[in-house]
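Visitor: Chains A and B are the protein sequences, given in the same order.
To convert, note that position 192 of the first sequence is 192 in this note's numbering; the numbers rise steadily by one, no gaps.
To convert, note that position 214 of the second sequence is 429 in this note's numbering; the numbers rise steadily by one, no gaps.
Before anything else, here's the structure in question.
Protein chains: 2
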Amino acid sequence: MWYHAAMAHTPPGETRERVLAFVTERLLAGSPPTVREVQDALGFRSVGTAREHLDTLVAEGRLAKDDDGRHRGLRLPGPPRARSVLVPLLGRVQAGALTEAIEDADGHLAIETKLPADDLFALRVRGDSMAPEILADDLLVVRRQPRAEHGDVVVALVDGEATVKRLRLVRGQPELHATNPRFAPIVPDTLELLGKVIELRRSFGNSYGKRRTAR
Amino acid sequence: MWYHAAMAHTPPGETRERVLAFVTERLLAGSPPTVREVQDALGFRSVGTAREHLDTLVAEGRLAKDDDGRHRGLRLPGPPRARSVLVPLLGRVQAGALTEAIEDADGHLAIETKLPADDLFALRVRGDSMAPEILADDLLVVRRQPRAEHGDVVVALVDGEATVKRLRLVRGQPELHATNPRFAPIVPDTLELLGKVIELRRSFGNSYGKRRTAR
DNA sequence: CGTGATACCACACGAATGTGCGGTATGGAA
DNA sequence: TTCCATACCGCACATTCGTGTGGTATCACG
């Protein structure tokens with residue numbers, strides 16, 4: 001069959017990059033595209049064209065594929081990405097009510113971990129008792145566990161409210177220490193441990209393009 | 216047809232929870248399961264059974280589905296998750312060679328952002344010039360931009376090597392200040408800015424279950 | 001000019017997959 | 001008891017989808 005000559009060619013490699021970009025975006029969004037979706041997205045009139053680009057990308061190692069003819073079998077190359085789980089961001093954590101607190105979470109954040117999502121929650125830091133290492137508004141990812149080691153940063157219940165402190169064992173007795181020296185150590189009768197902090201995330205707000213700038 | 220009575224029933228709702236758990240895990244892993252995969256995973260002998268559970272979950276709003284009969288059309292409910300991009304983790308960043316450095320990245324980490332992935336890279340902090348807010352081994356996500364504001368934490372090229380400092384404008388002149396007072400401010404002739412730090416991620420290693428523990 | 005490489009189109013086959021329909025067993029409500 | 005809801009099985013059909021085969025246009029290189 002005859003078709004217009006003008007569309008027979010684009011700069012070499014350029015189309016392939018756009019195929020890769022499209023597929024990668026879809027994979028990151030969690031829905032592997034089909035060959036025909038690639039065809040439509042790129043405007044090909046033939047499935048075969050899309051397939052050739054995909055095959056080439058796989059051959060080049062820039063994409064990966066489930067072996068057999070599985071539908072939507074495209075994958076990202078390289079070592080499989082750590083499974084990411086949605087962790088609830090808790091607004092308030094109070095006495096015992098951790099389960100209930102999770103119900104009305106302020107939102108969720110995606111954490112790459114092999115731990116089950118049920119064991120994790122996140123909270124936003126209030127106050128500066130752990131400054132300067134941990135600042136107000138930092139996000140903390142916490143693993144629920146009833147015990148912790150000397151030196152761990154933990155979330156504990158003190159007077160029915162969750163607090164972030166460093167756990168120290170002084171003569172076998174657990175103490176909760178703030179980093180900020182303005183806060184005195186807490187020596188609880190019974191330590192109510194909600195979990196251990198496993199990750200910190202701090203955002204440095206976007207201020208690009210405003211006011212005073214340098215070169 | 217006749218089949219064994221014992222398998223006709225399980226505690227109400229329990230099976231459905233396992234279906235939901237399976238599907239959610241697969242969705243988070245980036246590969247939406249097929250009805251028959253659900254069937255196999257749960258041990259059903261009929262596709263219809265899996266489909267009924269899935270339909271129920273969708274009707275309850277606990278799962279979402281692409282409208283028509285699209286293959287692998289299961290989705291997570293609620294607002295679509297923020298698009299996450301893969302950001303290259305650079306081992307060494309040296310003079311001008313940012314593009315080349317990205318080629319041999321040490322790995323990638325997933326960042327939830329609306330910024331294009333091309334504008335971002337990540338690096339691991341070395342040294343304690345920004346202690347105690349930013350510590351050695353912290354991960355920094357950097358947005359490539361040639362300018363920054365007074366007060367921004369930036370990545371700049373000093374003597375051909377990337378360094379993290381806080382940008383200050385002193386009498387209109389850009390200076391790079393460490394937080395740690397043991398480091399003197401750098402007053403560069405020409406400021407070579409690689410980008411602005413937009414996020415910090417710190418990991419608090421896993422030590423659960425070892426040595427000294429408290430309740 | 002011929003030859004190969006690249007990029008594209010057209011079409012068709014078979015397998016994977018979503019869906020529809022009917023049936024069986026159990027338990028609780030009417 | 002009857003009736004209905006839940007939970008399951010079995011099968012069949014149409015669509016979606018991956019794959020294979022063959023063809024056309026343009027460019028680069030001899």
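The beta carbon of each residue, even a glycine, is placed where N, CA and C say it ideally should be.
For Val370 of chain B, collect the residues of the same chain with a Cβ closer than 6 Å to its Cβ; drop the 5 residues on either side in sequence, then sort them by chain order.
Guide: What you label residue 370 of chain B is simply residue 155 of the second sequence in a count that begins at 1. Only Val357, Ala377, Val379, Leu409, Gly410 meet the Cβ criterion.
Visitor: Check distances from the C-beta atoms of the segment 396-417 of chain B to those of chain A and list, in chain order, the residues that come in under 8 Å.
Guide: Thr405, Leu406, Leu408, Lys411, Val412, Ile413, Glu414, Leu415, Arg416, Arg417
Visitor: Rounded C-beta distance between Leu291 of chain B and Thr239 of chain B? I'm assuming under 8 Å.
Guide: What you label residue 291 of chain B is simply residue 76 of the second sequence in a count that begins at 1. What you label residue 239 of chain B is simply residue 24 of the second sequence in a count that begins at 1. At roughly 7 Å, the Cβ-Cβ gap stays under 8 Å, so Leu291 of chain B and Thr239 of chain B are in contact.
Visitor: Which same chain residues end up closer than 8 Å to Val87 of chain A when comparing Cβ atoms and leaving out the 5 residues on each side of it in sequence?
Guide: Here residue 87 of chain A refers to the residue found at position 87 of the first sequence. Within the same chain, Val87 of chain A has close Cβ partners His108, Leu109, Ala110, Ile111, Ala117, Leu120, Phe121, Ala122, Val141.
Visitor: Measure from the C-beta of Ala274 of chain B to each C-beta in chain A and report whether the shortest distance is under 8 Å.
Guide: Residue numbering aside, residue 274 of chain B sits at position 59 when the second sequence is read from its first letter. No, Ala274 of chain B does not count as interfacial toward chain A.
Visitor: So, at 6 Å on beta carbons, what are the nonlocal neighbours of Arg202 of chain A in its own chain, with the 5 sequence-adjacent residues on each side left out?
Guide: The residue given as residue 202 of chain A occupies position 202 in the first sequence. Asp138.
Visitor: How many whole angstroms separate the CB atoms of Val402 of chain B and Glu390 of chain B, which I take to be in contact at a CB cut-off of 8 Å?
Guide: If you number the second sequence from 1, residue 402 of chain B lands on position 187. If you number the second sequence from 1, residue 390 of chain B lands on position 175. Between Val402 of chain B and Glu390 of chain B a beta carbon distance of about 5 Å is seen, short of the 8 Å cut, so the two are scored as contacting.
Visitor: Closer than 8 Å by C-beta to Arg212 of chain A: which residues in its own chain qualify, once you throw out the five before and the five after it? Chain order, please.
Guide: Walking along the first sequence from the start, residue 212 of chain A turns up at place 212. Model confidence at Arg212 of chain A stands at a pLDDT of 43, short of 50, so the residue's coordinates are unreliable; what they give is reported in the following sentence. The beta carbon of Arg212 of chain A lies closer than 8 Å to none in the same chain, with the five residues before and after it left out.
Visitor: Identify every residue that forms a DSSP beta bridge with Lys380 of chain B.
Guide: What you label residue 380 of chain B is simply residue 165 of the second sequence in a count that begins at 1. DSSP lists B:Val369 as partners of Lys380 of chain B.
Visitor: For a quick check, are the C-beta atoms of Val234 of chain B and Val262 of chain B less than 8 Å apart?
Guide: Counting from 1 along the second sequence, the entry for residue 234 of chain B is found at position 19. Counting from 1 along the second sequence, the entry for residue 262 of chain B is found at position 47. No, the Cβ-Cβ distance between Val234 of chain B and Val262 of chain B is not below 8 Å.
Visitor: Can you list, in chain order, the stretches of the alpha helix (DSSP H) that have 4 or more residues and sit fully within the segment 247-283 of chain B?
Guide: Within the segment 247-283 of chain B, the alpha helix (DSSP H) runs of at least 4 residues that lie entirely inside it are, in chain order, 250-257, 262-274.
Visitor: For Leu191 of chain A, which option in A:Phe183, A:Phe204, A:Arg171, A:Ala148 has the closest C-alpha, if you only look at C-alpha atoms?
Guide: Position 191 of the first sequence, counted from the first residue, corresponds to residue 191 of chain A. Closest option to Leu191 of chain A, Cα to Cα, is A:Ala148.
Visitor: Using DSSP's beta-bridge definition, name the partner residues of Ala21 of chain A.
Guide: Taking the first residue of the first sequence as 1, we reach residue 21 of chain A at position 21. Note: Ala21 of chain A sits in no beta bridge, so no partner.
Visitor: How far does the beta strand (DSSP E) with Lys114 of chain A in it extend, from its first residue to its last?
Guide: Residue 114 of chain A sits at position 114 when you count from the first residue of the first sequence. Looking at the DSSP string, Lys114 of chain A is not in any beta strand (DSSP E), and its letter there is neither H nor E.
Visitor: Please work out which residues of its chain come closer than 8 Å, Cβ to Cβ, to Gly172 of chain A, disregarding the five sequence neighbours upstream and downstream, and give them in chain order.
Guide: Translated into the one-based positions of the first sequence, residue 172 of chain A becomes position 172. Result list for Gly172 of chain A: empty, nothing under 8 Å.
Visitor: Quick one: residues in its chain with C-beta nearer than 8 Å to the C-beta of His365 of chain B, no 5 flanking neighbours on either side, listed in chain order?
Guide: Residue mapping note: residue 365 of chain B aligns to position 150 of the second sequence, counting from 1. Around His365 of chain B: Leu382, Arg383, Leu384.
Visitor: At a Cβ threshold of 8 Å, is Gly30 of chain A touching chain B?
Guide: As a first step, residue 30 of chain A is located in the first sequence; it is residue number 30 there, counting from the start. At least one chain B Cβ lies under 8 Å of Gly30 of chain A.
Visitor: Per DSSP, what kind of secondary structure is Glu348 of chain B in: helix, strand or coil?
Guide: Taking the first residue of the second sequence as 1, we reach residue 348 of chain B at position 133. Looking at Glu348 of chain B - three-state DSSP - the assignment turns out to be coil, as it is neither helix nor strand.
Visitor: Please say whether Gly284 of chain B and Gly30 of chain A have beta carbons closer to each other than 8 Å?
Guide: One-based indexing of the first sequence puts residue 30 of chain A at position 30. One-based indexing of the second sequence puts residue 284 of chain B at position 69. The answer is no: Cβ separation not under 8 Å.
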